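*Asks:* Here the sequence shown is numbered in the numbering used here, starting from 47 and rising by one per residue. Every residue gets a Cβ at the ideal spot worked out from N, C-alpha and C, and that includes glycine. In this text the structure is predicted, and so the values were computed from the model without any measurement. Quick one: this structure, given as structure tokens, is what I'll be asking you about.
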Amino acid sequence: MPNPKRRHSHARTAKRRTHDVTSLPEIEVNRVQGSSEPLKLRHHASPDGYYKGRRLPGFRDKKES
Numbered sequence: 047m048p049n050p051k052r053r054h055s056h057a058r059t060a061k062r063r064t065h066d067v068t069s070l071p072e073i074e075v076n077r078v079q080g081s082s083e084p085l086k087l088r089h090h091a092s093p094d095g096y097y098k099g100r101r102l103p104g105f106r107d108k109k110e111s
């Protein structure tokens, strides 16, 4: 594999890394009736076990202790 012959400068490295940023997770209103959480992450199941308005198969209710 080829290796660089000389070291890259800090400016060159910084220019490459300017686009390496993280974004905040997208949050939306949970539309499931009677849900315990008012907000949810997009494209994730709610803590109640619902995704796209349907109950997920194999989801077990939390045991209250």
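(1) Using the rule of at least 16 other Cβ atoms within 10 Å of the residue's Cβ for burial, across every protein chain shown, is Lys-86 buried or exposed?
(2) So what does DSSP say about Lys-61, is it helix, strand or coil?
(3) Would you tell me roughly how many angstroms separate the C-alpha atoms of Pro-99 and Arg-77, rounded to the nearest one?
(4) Give the single residue among Ser-82, Ala-57, Ser-81 and Val-75 whose Cα lies nearest to the Cα of His-89.
(5) For Gln-79 and Pro-103, I'd like the C-alpha separation in whole angstroms.
*Replies:* The short version:
(1) buried
(2) If DSSP states are grouped into helix, strand and coil, Lys-61 belongs with the helices.
(3) For the sequence presented, residue 99 should be read as Gly rather than Pro. Going by the C-alpha atoms only, they are around 8 Å apart.
(4) Val-75
(5) 19 Å
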